[in-house]
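In order, the protein sequence lines correspond to chains A and B. Mapping of the first sequence onto numbering that gives the first Met the number 0: residues 0 to 72, in sequence order. Mapping of the second sequence onto numbering that gives the first Met the number 0: residues 0 to 367, in sequence order.
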Amino acid sequence: MVTVAIVIFSVIMMLTLSLIDVFLFHTPFVSTFKKITEQQNNQGSFFKYLIATTAMAWAIITDIRLHKKKSKS
Amino acid sequence: MQKMLLEKISLNQLFFLIFSFELGSAIVIGIASDAKQDAWIAVLMALAGGLILVTLYCSISKRYPGMNLYEIFELISNRKIAVFFSVLYTLYFFYISARVLRDFCELMKTAIFVVTPIEFIALIFMITISYIVYMGIETIGRTIEILSPYTFILMFFLIFFLYVNHSVKLQNLRPLLPQGWIPVIKVAFPEVLTFPFGEMVVFTVIMAGISKFKYLTSISTVSVLISGIALAYFAFLKAAVLTPTMVNISPFPLLSAIREISVAKFIERLDAIVVYMMMLGIFVKVCIFFLAGLKGLEYSFRLPYRYFVVPFAMLTSISSLWIAENFTEHLEEGIKFVPYYIHVPFQIVIPLCVWMFLKLKVKKGMQG
Numbered sequence: 000m001v002t003v004a005i006v007i008f009s010v011i012m013m014l015t016l017s018l019i020d021v022f023l024f025h026t027p028f029v030s031t032f033k034k035i036t037e038q039q040n041n042q043g044s045f046f047k048y049l050i051a052t053t054a055m056a057w058a059i060i061t062d063i064r065l066h067k068k069k070s071k072s
Numbered sequence: 000m001q002k003m004l005l006e007k008i009s010l011n012q013l014f015f016l017i018f019s020f021e022l023g024s025a026i027v028i029g030i031a032s033d034a035k036q037d038a039w040i041a042v043l044m045a046l047a048g049g050l051i052l053v054t055l056y057c058s059i060s061k062r063y064p065g066m067n068l069y070e071i072f073e074l075i076s077n078r079k080i081a082v083f084f085s086v087l088y089t090l091y092f093f094y095i096s097a098r099v100l101r102d103f104c105e106l107m108k109t110a111i112f113v114v115t116p117i118e119f120i121a122l123i124f125m126i127t128i129s130y131i132v133y134m135g136i137e138t139i140g141r142t143i144e145i146l147s148p149y150t151f152i153l154m155f156f157l158i159f160f161l162y163v164n165h166s167v168k169l170q171n172l173r174p175l176l177p178q179g180w181i182p183v184i185k186v187a188f189p190e191v192l193t194f195p196f197g198e199m200v201v202f203t204v205i206m207a208g209i210s211k212f213k214y215l216t217s218i219s220t221v222s223v224l225i226s227g228i229a230l231a232y233f234a235f236l237k238a239a240v241l242t243p244t245m246v247n248i249s250p251f252p253l254l255s256a257i258r259e260i261s262v263a264k265f266i267e268r269l270d271a272i273v274v275y276m277m278m279l280g281i282f283v284k285v286c287i288f289f290l291a292g293l294k295g296l297e298y299s300f301r302l303p304y305r306y307f308v309v310p311f312a313m314l315t316s317i318s319s320l321w322i323a324e325n326f327t328e329h330l331e332e333g334i335k336f337v338p339y340y341i342h343v344p345f346q347i348v349i350p351l352c353v354w355m356f357l358k359l360k361v362k363k364g365m366q367g
């Protein structure tokens, strides 16, 4: 459930932020979406990958733990 | 559904939470700067509207003590509609917490950590936030209860030093209302009304954990009133010290104003004090918005919110970077888009509808 939640909310958040940019700056949706998702080649990119990986890994581990708890009970 | 922990916060803690929350990022980026030398009047006008909004939020929360906004949605409709609105509010709360986090990161990058990647600042800050949010609202309340008095003392010192330094020049505030009331009213409504006063809507989720509901409205109103007056006074000081044009140009006007202090060439560079005040305010704001978002997930997914803390802390930190390419874009979004299309529906329209539905429900109940 945690993985489902994080995936759904990440996608909705990305779409919403792109739409705000489209609405405000009149830029094409595809280029705005790409601007959000693509990584710049700088030292900050490492932390972006780290943040994204931690979020997904933590969500999956939590779900496995929850599943084990459920099956035990 | 797993058993949820019931956590309570005292009225004292609520008072300090609201005070720090209201100062939060509003003190960092400065509000009503478009009203130039009349910014303080715009803040006071918005404060009047803000007090009405706070009374509205309190009356929603007081109707069913112990229930948060998401549960009230279910009470006036059904679970499906309640989940729909809960998801919307959850997104809103995460979005605003990401915006506030971005304010903090930009402040840190400009004032202290000039060469540190902004991603790293966001990550570190969210790790701290996720820890305190994981510990619960009681821990947040206690932390703020301990740290807030220092803000009061430091605020007093800053104001004192500005006057001792003769930095406050009242001629910078003249002429008063050069273009009449209309430009000031336009800035006050909805820009200043929604940010920071309307953001109190988040407390409809937090207020469920108050120990004494009887004093909820009075404590909230007094706290908003004091923080509103403090904000107006800081708007006044910023314009008086820097001139209204400089306030408009500077990304962090309060920081620039405090940098003017040089008492006997000995007491100088008081930036750290301002950064502390701003950091505490932003810390409270991100904590409250993030916790409210997590409570929405708890309601929608029927799982204790603590399971979601770390992944969503990461999502918030990365969202703060997705929001805008640079600080100018971030501010433009915050002035041109957010107050009108995001704040107004979530802070005024939906709560007003909820309040009306609750009134109707009570009326029907009495007739039945």
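Just so you know, even glycine gets a beta-carbon here, dropped at the ideal spot from N, CA and C.
If you drop the 5 nearest sequence neighbours on each side, which residues of the same chain put their C-beta closer than 8 Å to that of residue i?
| i | result |
| --- | --- |
| phenylalanine 93/B | Phe288, Phe289, Gly292, Phe311, Leu314, Thr315, Ser318 |
| valine 42/B | Ile30, Ala31, Ala187, Val191, Gly227, Leu230, Ala231, Ala234 |
| proline 250/B | Ile28, Glu105, Thr109, Phe326, Leu330 |
What residues are listed by DSSP as bridge partners for residue i?
| i | result |
| --- | --- |
| valine 191/B | Answer is none; valine 191/B lacks a bridge partner. |
| valine 262/B | Ile266/B |
| isoleucine 209/B | Ile8/B |
Anything in chain A within Cβ reach of residue i, meaning under 9 Å, just list it in chain order.
| i | result |
| --- | --- |
| phenylalanine 336/B | Ile19, Phe22, Leu23 |
| phenylalanine 300/B | Met0, Val1, Val3, Ala4 |
| leucine 90/B | Phe8, Ile11, Met12, Thr15 |
So residue i contacts chain A; which residues on that side make the cut at Cβ distance below 8 Å?
| i | result |
| --- | --- |
| leucine 314/B | Ile5, Phe8, Ser9, Met12, Ala54 |
Is residue i close to chain B? Criterion is C-beta to C-beta, closer than 8 Å.
| i | result |
| --- | --- |
| leucine 63/A | For the record, residue 63/A in the displayed sequence is isoleucine; it is not leucine. Chain B, which has no Cβ nearer than 8 Å to the Cβ of isoleucine 63/A, makes this no. |
| threonine 31/A | no |
| methionine 0/A | yes |
| threonine 26/A | no |
| lysine 67/A | no |
| lysine 71/A | no |
Once you ignore the five residues that flank residue i on each side, which residues in its own chain have a CB closer than 7 Å to its CB?
| i | result |
| --- | --- |
| lysine 211/B | Leu10 |
| glutamate 267/B | Ile260, Ser261 |
| methionine 0/B | For methionine 0/B, the pLDDT reaches just 42, beneath the cut-off of 50, and the residue's location in the model is therefore unreliable, although a value from the coordinates is still provided. Taken in chain order, the residues that qualify are Arg301. |
| aspartate 270/B | Ala110, Leu254, Ile257, Arg258 |
| proline 338/B | Pro189, Glu190, Thr193, Phe194 |
| tyrosine 63/B | Ile71, Leu74 |
| serine 96/B | Val285, Phe288, Phe289, Gly292, Thr315 |
| alanine 25/B | Phe194, Pro195, Leu230 |
Residue i lies in the alpha helix (DSSP H); which residues open and close that run?
| i | result |
| --- | --- |
| proline 350/B | 349 to 366 |
| tryptophan 39/B | 38 to 62 |
| glycine 227/B | 215 to 241 |
| histidine 329/B | 326 to 331 |
| histidine 66/A | 42 to 71 |
| arginine 101/B | 78 to 110 |
| methionine 154/B | 136 to 163 |
| methionine 313/B | 308 to 321 |
| tyrosine 69/B | 68 to 75 |
| threonine 115/B | No alpha helix (DSSP H) holds threonine 115/B; DSSP gives it neither H nor E. |
| serine 17/A | 1 to 24 |
| isoleucine 341/B | From DSSP, isoleucine 341/B is part of no alpha helix (DSSP H); its letter is neither H nor E. |
| serine 255/B | 252 to 257 |
| valine 183/B | 181 to 185 |
Do we get a CB-CB distance below 8 Å when we pair residue i with the residues of chain A?
| i | result |
| --- | --- |
| lysine 2/B | For lysine 2/B, the predicted model reports a pLDDT of 46, less than 50, meaning its position is unreliable and no value from the coordinates is stated. |
| serine 318/B | yes |
| leucine 425/B | As displayed, chain B neither begins before 0 nor continues past 367, which places residue 425/B out of reach and without an answer. |
| proline 310/B | yes |
| tyrosine 304/B | no |
| isoleucine 111/B | no |
| phenylalanine 124/B | no |
| phenylalanine 103/B | no |
| phenylalanine 93/B | yes |
| leucine 52/B | no |
Quick one: residues in its chain with C-beta nearer than 6 Å to the C-beta of residue i, no 5 flanking neighbours on either side, listed in chain order?
| i | result |
| --- | --- |
| isoleucine 117/B | Cys104, Lys108 |
| tryptophan 39/B | Ala231, Ala234, Phe235 |
| valine 1/A | Ala58, Thr61, Asp62 |
| lysine 35/B | Pro243 |
| leucine 373/B | No statement about residue 373/B is possible, as the shown extent of chain B runs from 0 to 367 and does not include it. |
Beta carbon of residue i: closer than 7 Å to some heavy atom of the ligand MG?
| i | result |
| --- | --- |
| phenylalanine 202/B | As far as ligands go, the structure on display features none, and thus does not contain the ligand MG. |
Just to make sure I have the definition right: I need the residues of chain A whose C-beta is within less than 7 Å of the C-beta of residue i. Which are they?
| i | result |
| --- | --- |
| isoleucine 117/B | Gly43 |
| glutamate 332/B | Ile19, Leu23 |
| isoleucine 322/B | Leu16 |
| phenylalanine 307/B | Val1, Ala4 |
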